[in-house]
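**Student:** Sequential numbering from 1 applies to the sequence shown in the UniProt record's numbering.
Beta carbons: idealized from backbone N, C-alpha and C, even for Gly.
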Amino acid sequence: MEFQLRAEYAEGTTPPRSGEARDTTWHMTEAGEARALCGRDLDPASETRPAEAWGTEAAESFCRSCGAQYLRQGQ
1 MEFQLRAEYA EGTTPPRSGE ARDTTWHMTE AGEARALCGR DLDPASETRP AEAWGTEAAE
61 SFCRSCGAQY LRQGQ
């Protein structure tokens with residue numbers, strides 16, 4: 001199974017048109033999906049990053065629940 005990171009933006013903000021997302025929490029999703037492993041439904045238009053960014057500065061701050069579920073998947 002393939003995974004990706006998907007951004008959740010701070011309440012009241014929308015995905016940026018360009019540049020790096022700000023005030024985000026990164027969640028892990030199955031590739032192409034908008035539902036995070038923690039069960040949160042995310043905006044399908046939100047920024048995504050490769051799963052390999054998990055655990056790096058590029059994925060700060062990361063949802064701990066998603067991290068636990070991702071590790072349980074054997075990744």
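1. Using a Cβ-Cβ cutoff of less than 6 Å, which residues in the same chain neighbour cysteine 63 once the five nearest sequence positions on both sides are dropped?
2. Glutamate 33 bridges to which residues according to DSSP?
3. At the level of alpha carbons, what is the spacing between glycine 32 and alanine 7?
4. How many angstroms separate the CA atom of serine 61 from the CA atom of arginine 49?
5. Can you give me the start and stop residues for the beta strand (DSSP E) that leucine 5 sits inside?
**Tutor:** Reading from the atomic positions:
1. Excluding its 5 nearest sequence neighbours in each direction, cysteine 63 has C-beta neighbours in its own chain below 6 Å: Thr25, His27 and Cys38, listed in chain order.
2. Paired residues: none, contrary to the question.
3. A direct Cα-Cα distance of roughly 13 Å separates glycine 32 from alanine 7.
4. About 13 Å.
5. 3 to 9 is the extent of the beta strand (DSSP E) around leucine 5.
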